[in-house]
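Here's the structure we're looking at; comments come further down.
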Amino acid sequence: MIFHLLKLESKLVILEVARPTAPRRQAQSFGSGNVTPISMITPYISKWRICGLCTAKDELKTTKARSGAGDMKVRLVPVLSSRCNFLCIISALQVFSFELTDKDGASIRITGFNDAAERAYSIIQTDCSYYIAGGTVKQSNKRFNTTGHDYELSINANTEIAPCHDQIPKPALVLKICPLQNIPSHKDEAVDILAVFISKQGRDCVKRDLQLIDQTGTVVQFTLWGDQAETFEDHALGQVISIKGALVKEWNGM
Numbered sequence: 001m002i003f004h005l006l007k008l009e010s011k012l013v014i015l016e017v018a019r020p021t022a023p024r025r026q027a028q029s030f031g032s033g034n035v036t037p038i039s040m041i042t043p044y045i046s047k048w049r050i051c052g053l054c055t056a057k058d059e060l061k062t063t064k065a066r067s068g069a070g071d072m073k074v075r076l077v078p079v080l081s082s083r084c085n086f087l088c089i090i091s092a093l094q095v096f097s098f099e100l101t102d103k104d105g106a107s108i109r110i111t112g113f114n115d116a117a118e119r120a121y122s123i124i125q126t127d128c129s130y131y132i133a134g135g136t137v138k139q140s141n142k143r144f145n146t147t148g149h150d151y152e153l154s155i156n157a158n159t160e161i162a163p164c165h166d167q168i169p170k171p172a173l174v175l176k177i178c179p180l181q182n183i184p185s186h187k188d189e190a191v192d193i194l195a196v197f198i199s200k201q202g203r204d205c206v207k208r209d210l211q212l213i214d215q216t217g218t219v220v221q222f223t224l225w226g227d228q229a230e231t232f233e234d235h236a237l238g239q240v241i242s243i244k245g246a247l248v249k250e251w252n253g254m
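Residue numbers (full-length UniProt numbering): 1 to 254.
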């Protein structure tokens with residue numbers, strides 16, 4: 001506290017002046033601060049934070065196949081043996097992917113494995129907006145990635161995920177349509193389809209088979225799984241539907 005003594009008309013006046021203080025810094029929420037445009041994401045940016053609307057969400061998948069170095073879940077268990085001290089147990093790999101689209105319309109695919117996959121799957125909801133910070137930027141796999149971005153993100157246990165309350169408009173659907181007659185030449189690739197839904201099978205299970213036909217007269221079977229199979233609306237029968245990022249698979253030689 002600082003005191004100033006002033007003499008006014010033979011009277012001593014004491015003025016109390018508060019000590020100058022530095023302005024308070026407001027605590028920043030995770031969503032505040034700079035946001036990196038999704039179109040600017042490259043491996044050369046070490047620190048980034050994106051904000052976008054979830055425009056696509058896969059199911060949480062379990063597979064025993066290795067998808068990349070370091071992705072397999074390995075656990076060492078001590079054992080009593082004259083030949084070895086530890087038993088290496090390789091667990092099934094869990095994978096979860098989703099896509100975010102920012103206010104500029106740029107999209108990016110984001111994938112998590114094991115614990116990171118479970119955590120992200122429990123948080124991410126379609127048509128909701130999120131901030132994502134921290135993870136690995138890698139070259140996108142064009143066979144499965146239809147976002148048009150040159151890179152995709154791999155999240156881990158340290159990745160921060162938080163809801164964003166900003167209104168991000170839902171982007172218009174952009175398709176690179178593959179005619180149904182050309183599908184056999186795109187095995188194990190993701191394609192976009194525009195076709196008429198002409199029949200269905202599998203009403204009460206988590207797998208539903210649809211038959212599609214397009215202007216080439218080609219009929220193909222399209223399979224829905226999990227939540228997509230359960231929520232698909234039957235009134236779409238006979239209507240033109242668009243499918244983005246369908247994976248072409250061979251089944252029983254067909």
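A virtual CB, placed ideally from N, CA and C, is assigned to each residue, including glycine.
Enclosing beta strand (DSSP E) for residue i [first to last residue]
| i | result |
| --- | --- |
| Gln221 | Val219 to Trp225 |
| Tyr130 | Ser129 to Ala133 |
| Ile183 | Looking at the DSSP string, Ile183 is not in any beta strand (DSSP E), and its letter there is neither H nor E. |
Integer Cβ distance of residue i from residue j, believed to fall under 8 Å
| i | j | result |
| --- | --- | --- |
| Leu180 | Val240 | At roughly 13 Å, the Cβ-Cβ gap does not stay under 8 Å, so Leu180 and Val240 are not in contact. |
| Ser39 | Asp104 | 7 Å |
| Gln94 | Thr42 | Not quite, the Cβ-Cβ distance comes to about 28 Å (not below 8 Å), so this is no contact. |
Extent of the continuous alpha helix (DSSP H) run through residue i
| i | result |
| --- | --- |
| Tyr121 | Asp115 to Ile123 |
Pairwise C-alpha distance: residue j and residue i
| i | j | result |
| --- | --- | --- |
| Ile118 | Glu99 | Reading the sequence as shown, one finds Glu at residue 118 and not Ile. About 16 Å. |
| Glu152 | Asp234 | 34 Å |
| Asn182 | Gly217 | 12 Å |
| Gly112 | Tyr121 | 9 Å |
| Ser242 | Leu210 | 13 Å |
| Thr159 | Asp115 | 11 Å |
| Asn141 | Glu189 | 10 Å |
| Thr146 | Asn156 | 22 Å |
Own chain, CB closer than 6 Å to residue i, minus 5 neighbours either side, in chain order
| i | result |
| --- | --- |
| Thr55 | Glu99 and Thr101 |
| Asp58 | Ser97 |
| Leu237 | Phe197 |
Residues of its chain near residue i, where Cβ-Cβ distance is below 8 Å and the 5 sequence neighbours each way are ignored
| i | result |
| --- | --- |
| Ile45 | Thr36 and Val137 |
| Gly226 | Glu59 and Val206 |
Of the listed residues the options, nearest to residue i (C-alpha basis)
| i | options | result |
| --- | --- | --- |
| Ile168 | Ile41, Ala190 and Ile50 | Ile50 |
| Ala106 | Ala246, Ala229 and Lys170 | Lys170 |
| Ser129 | Ile108, Phe144 and His165 | His165 |
| Ala172 | Thr42, Lys47 and Leu53 | Leu53 |
| Asp192 | Gly245, Ser154 and Ser140 | Gly245 |
| Ile213 | Cys178, His186 and Glu230 | Cys178 |
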